[in-house]
Each structure stands twice: as structure tokens, then as C-alpha cells.
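Under the numbering used here, the first residue of the sequence shown carries the number 73, and numbering increases by one thereafter.
Ideal Cβ positions, reconstructed from N, Cα and C, are used throughout, including at glycine.
What follows is a set of notes on a single structure, which appears directly below.
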Amino acid sequence: MHKHPSALGVATTLKPAAPVTLIRPEAAARAARFFVEKFPGRSLYAVKANPSPDLIRTLFASGITHFDVASIAEVRLVAETLEGQAKLCFMHPVKAEEAIAEAYHSHGVRTFSLDTIDELEKIMRATGDATDLELCVRLRVSSEHSELSLASKFGAELGETRELLMATRQAADALGICFHVGSQAMSPQAYSDAIERVRAAIVDAAVTVDIIDVGGGFPSIYPGMEPVALENYFEAIHRGFESLPVSYSSELWCEPGRALSAEYSSVVVRVERRRGTELYITDGAYGALFDAAHIGWRFPVALLREDESEAELEGFSFYGPTCDDMDHMVGPFMLPADVKVGDYIEIGMLGAYGAAMRTGFNGFTSEATIEVEDEPMASLYAEPVPVRRRGNVIKLG
Ligand SMILES: *Cc1c(COP(=O)(O)O)cnc(C)c1O
Numbered sequence: 073m074h075k076h077p078s079a080l081g082v083a084t085t086l087k088p089a090a091p092v093t094l095i096r097p098e099a100a101a102r103a104a105r106f107f108v109e110k111f112p113g114r115s116l117y118a119v120k121a122n123p124s125p126d127l128i129r130t131l132f133a134s135g136i137t138h139f140d141v142a143s144i145a146e147v148r149l150v151a152e153t154l155e156g157q158a159k160l161c162f163m164h165p166v167k168a169e170e171a172i173a174e175a176y177h178s179h180g181v182r183t184f185s186l187d188t189i190d191e192l193e194k195i196m197r198a199t200g201d202a203t204d205l206e207l208c209v210r211l212r213v214s215s216e217h218s219e220l221s222l223a224s225k226f227g228a229e230l231g232e233t234r235e236l237l238m239a240t241r242q243a244a245d246a247l248g249i250c251f252h253v254g255s256q257a258m259s260p261q262a263y264s265d266a267i268e269r270v271r272a273a274i275v276d277a278a279v280t281v282d283i284i285d286v287g288g289g290f291p292s293i294y295p296g297m298e299p300v301a302l303e304n305y306f307e308a309i310h311r312g313f314e315s316l317p318v319s320y321s322s323e324l325w326c327e328p329g330r331a332l333s334a335e336y337s338s339v340v341v342r343v344e345r346r347r348g349t350e351l352y353i354t355d356g357a358y359g360a361l362f363d364a365a366h367i368g369w370r371f372p373v374a375l376l377r378e379d380e381s382e383a384e385l386e387g388f389s390f391y392g393p394t395c396d397d398m399d400h401m402v403g404p405f406m407l408p409a410d411v412k413v414g415d416y417i418e419i420g421m422l423g424a425y426g427a428a429m430r431t432g433f434n435g436f437t438s439e440a441t442i443e444v445e446d447e448p449m450a451s452l453y454a455e456p457v458p459v460r461r462r463g464n465v466i467k468l469g
């Protein structure tokens, strides 16, 4: 791994023609320590947010010992990366029977989620009616407080949960209930409301529950999306959990993806063409900017020039490098008005669902990764809050 002191240094000394992913292991380690110390239960890293082996090792070294995996490839990846030392929880409610069997028999996975009787039967068949399973029933909850809904695909409805919880209780060594409030949940209320759904389901089914898993959804910080401090989320969850009718020894889990990985990566791109306020840059929708293109996510940006621009900030949109019209990120991305061809831009907070989404479409891809020592463009964990160059206009409350 190449190392460099800063994003600015990468741009000015290396002058890369292709996009470069910057990684900040210390930022990820700090996020992990925060969850380990402050979340009132166990934190599982949701690997899909960013499956980089370096990140997985960094999180493990910082105290994250449990991983939420959703495919057999993620099971193998974490098992191999951490040489079998981590505990893997297979939290996709719809799995291939072969994947369950391999996870159970070859990788020691004992924790699985499900949201139907069919899936429960599949798990029992694939594990040879194992008696040492931790089975988590996924409830459908509202995504109304979240920027990205996860409410329509998975989760048992209230009317279905009694039978499912009772059947799963019979089969499981430990019974869990899990949910996901949607990604980038902007209010702790999302968790309080979901925990009320859990309470109703427990009371209705009258089962003993051993694990409450509040899923992911913890926010990071982006322009126009500045959440309250994560402690507020933890407090709301703790209060809700303490009031649930669960066994005294029950455990509280969460599965952060975004919150543990967003600050880990950014990308340095070059401007290849300027047309008014449209910049043609070297990365895009088929690279690390999928969310910027497809759901209009606004990532923070900074102009990387040796001599800082004095120009006013202006809103720009981006075109990615492929020949496809859809390779377009509307932004607006705020940059000094004199940005020009040949300038370098850092696009920040791409550690979650950014760097992980890169494809090779149209021949534009780049493996180049450099470790840097400067602060991420924004942070929910840094104290004091990092102050970066102009063009990066995130205010932290
Ligand atoms: C995607 C996902 C997560 C992580 O969600 P974030 O919003 O990134 O925290 C956690 N659990 C499950 C089951 C998921 O599908």
C-alpha cells in the first residue's frame, strides 16, 4: 500500500490520470472504537457497505469481532481475511440452501436471519436440523426517517409474526428479533418506533427472546444531511431495549455499515472538460459515484490546488468518464467558480456504498489506492472537528 500525507499531496505530486481511492484507516478505527465503547450492546459490521479486506482487518483490530454478512462470498471473504477469528452472522433473510450449508458446515456460522417459515425450513434442512442455531426473525418496520428505504423487500408483517416467532423459538437455541430502519436514518425516533413494533410482536407471540438486533441505518454526515450526535441514537435504543419484555440475559446488537465505513475512503478525480457549470471528471456512476448518480446523493467536494482559489463557491454538476448519458451526477457540488480543466477534486465520504460499487464498464476503472494521513472531509467522531480547505462546506453542529 502506498502512503501519502494528504489528499492535496496525492493530487499535486502524483498528478493521477485515473481516479485514485484514498483510504484513512485511522478514521475507520476511530469509528469502530466509538461503537465498541458507546453502543450499549454489540456492534456487527455490515460488510456490504465496504468489503475491503484492509477495512475489515482495521475494524477487527479496533474491537469489532462480529460481522454481518449477506452472501456466501462475504462469508468466505471475512472468514479468510480474519482467519476464522471473527463471528459471522448471515443476516440476509433469503439465502440459497447451498450457501446456508456451506456457512454452517465449513465456516462455523450459527446465526441466520429469516422472515418466512419457508426460510426457516430451508435453514433446518441445510444444517441437518442443527440444535445450536441463533435465529433472528426480521420484522418489517417503517423507513420514514431514512434517506434510503429498506421497508419493502424484507421483513415479516405484524399479522405473520406470531406463527413465525413461535416456530422459530421451537427450532432455535437462541431466538432473536431484527429489523432495519433504512439507511442514513436521520432521527433516533426511527429506532424507538421500530422497537415498539418489536414489543407488539413479542407480546403477541408470548415467546422468550434472547437477542434484539436493531440493524444498521446509523447515519454519516453529508452536505444537507447533518444528523444529531450518535449518542442520541444509542440512548433512544438503550431506553427502548431496557423496556422490552425480554429475558434478563438478552443481548442487544446493531449492524452499522455506513457509520463504520463512510469516513474511510474518498476519491481524487481530475477535471477533463468544463462546460459552464458541468465538469467532466474521471470517475462517475459506474465507479464510486453510483449513489450520487442514481439517488442524487450529495457528497462533499474540495478543490485540491497548491494555491487556494480565492473565487466564490458555485454549484457544479459532474459527468463521469463513460459514454453513457446516465453517467451524470447532478449535485450541486460546491466548488470555487474558477475550477478548470486539469484541476483535481477530492470527493469525500465515499467509504460506504461508494468505493465498493466500482465496475469496469467502458474500460474506466482504477484499482489505485493510497493511504493518507489527513482527516476525512467530515467526521462524526473527530474531536475537534476537522477544518479543511474551501470548497468543502460541511458545517457540524
Ligand atoms: C445494508 C444492511 C446493513 C447496513 O446498513 P447501513 O445503513 O449501512 O448501516 C445492516 N443490516 C442489514 C441486514 C443490511 O441489509
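Residue interval of the alpha helix (DSSP H) (run including residue i)
{"i": "residue 178", "result": "169–179"}
8 Å Cβ cutoff, residue i in contact with chain B
{"i": "residue 273", "result": "No chain B appears in this structure, which consists of one protein chain only."}
Residue i beta carbon near ligand 1 (any heavy atom closer than 7 Å)
{"i": "residue 328", "result": "yes"}
{"i": "residue 290", "result": "yes"}
{"i": "residue 104", "result": "no"}
{"i": "residue 471", "result": "This structure cannot speak to residue 471, because the chain is shown only from 73 to 469."}
{"i": "residue 140", "result": "yes"}
{"i": "residue 225", "result": "no"}
{"i": "residue 202", "result": "no"}
{"i": "residue 100", "result": "no"}
{"i": "residue 113", "result": "no"}
{"i": "residue 159", "result": "no"}
{"i": "residue 406", "result": "no"}
{"i": "residue 248", "result": "no"}
Residue i versus residue j: straight-line alpha-carbon distance, rounded
{"i": "residue 153", "j": "residue 414", "result": "38 Å"}
{"i": "residue 466", "j": "residue 197", "result": "Confidence in residue 466 is poor, its pLDDT being 45 and thus under 50, which makes the residue's placement too unreliable to answer from."}
{"i": "residue 472", "j": "residue 325", "result": "Coverage of the chain is limited to positions 73 through 469, which leaves residue 472 absent and any answer about it impossible."}
{"i": "residue 412", "j": "residue 109", "result": "45 Å"}
{"i": "residue 402", "j": "residue 376", "result": "21 Å"}
{"i": "residue 107", "j": "residue 222", "result": "22 Å"}
{"i": "residue 417", "j": "residue 386", "result": "14 Å"}
{"i": "residue 81", "j": "residue 448", "result": "14 Å"}
{"i": "residue 151", "j": "residue 348", "result": "49 Å"}
{"i": "residue 366", "j": "residue 203", "result": "44 Å"}
{"i": "residue 85", "j": "residue 438", "result": "18 Å"}
{"i": "residue 242", "j": "residue 267", "result": "23 Å"}
{"i": "residue 331", "j": "residue 452", "result": "9 Å"}
{"i": "residue 300", "j": "residue 170", "result": "42 Å"}
{"i": "residue 275", "j": "residue 232", "result": "14 Å"}
{"i": "residue 432", "j": "residue 398", "result": "16 Å"}
Span of the beta strand (DSSP E) around residue i
{"i": "residue 383", "result": "Unbroken run through residue 383: none, as it is neither H nor E."}
{"i": "residue 401", "result": "400–408"}
{"i": "residue 162", "result": "159–162"}
{"i": "residue 365", "result": "It is not in any beta strand (DSSP E) - residue 365 instead sits in the alpha helix (DSSP H) that spans 362–366."}
{"i": "residue 184", "result": "183–186"}
{"i": "residue 355", "result": "Counting along the chain, residue 355 falls outside any beta strand (DSSP E), and DSSP gives it neither H nor E."}
{"i": "residue 82", "result": "Taken as a continuous stretch (DSSP letters only), residue 82 belongs to no beta strand (DSSP E), as it is neither H nor E."}
Reference residue i, options the options, closest by Cα
{"i": "residue 306", "options": "294, 329, 264", "result": "264"}
{"i": "residue 436", "options": "405, 357, 374, 387", "result": "357"}
{"i": "residue 304", "options": "332, 259, 333, 319", "result": "259"}
{"i": "residue 136", "options": "101, 168, 149", "result": "101"}
{"i": "residue 321", "options": "383, 118, 284, 298", "result": "284"}
{"i": "residue 75", "options": "445, 452, 450", "result": "445"}
{"i": "residue 382", "options": "202, 410, 429, 339", "result": "410"}
{"i": "residue 389", "options": "380, 421, 355, 338", "result": "355"}
{"i": "residue 79", "options": "155, 433, 337", "result": "337"}
{"i": "residue 455", "options": "99, 175, 88", "result": "99"}
{"i": "residue 535", "options": "261, 166, 245", "result": "With the chain covering 73 to 469 only, the question about residue 535 has no answer from this structure."}
Checklist line | Ordered list of beta strand (DSSP E) runs contained in the region 89–144, each at least 3 residues | finding: With a minimum length of 3 residues, the continuous beta strand (DSSP E) runs that stay inside the region 89–144 are 92–95, 114–118, 138–141.
Next item on the list: List in chain order: all unbroken beta strand (DSSP E) runs of 3+ residues lying wholly within the region 197–263.
Entry: Segments of the beta strand (DSSP E) lying fully in the region 197–263: 206–210, 218–220, 246–250, 255–257.
Next item on the list: With a floor of 4 residues, list each alpha helix (DSSP H) that falls wholly inside the region 295–350, ordered by position along the chain.
Entry: Those alpha helix (DSSP H) runs which fall completely within the region 295–350 and span 4+ residues are 302–314, 330–333.
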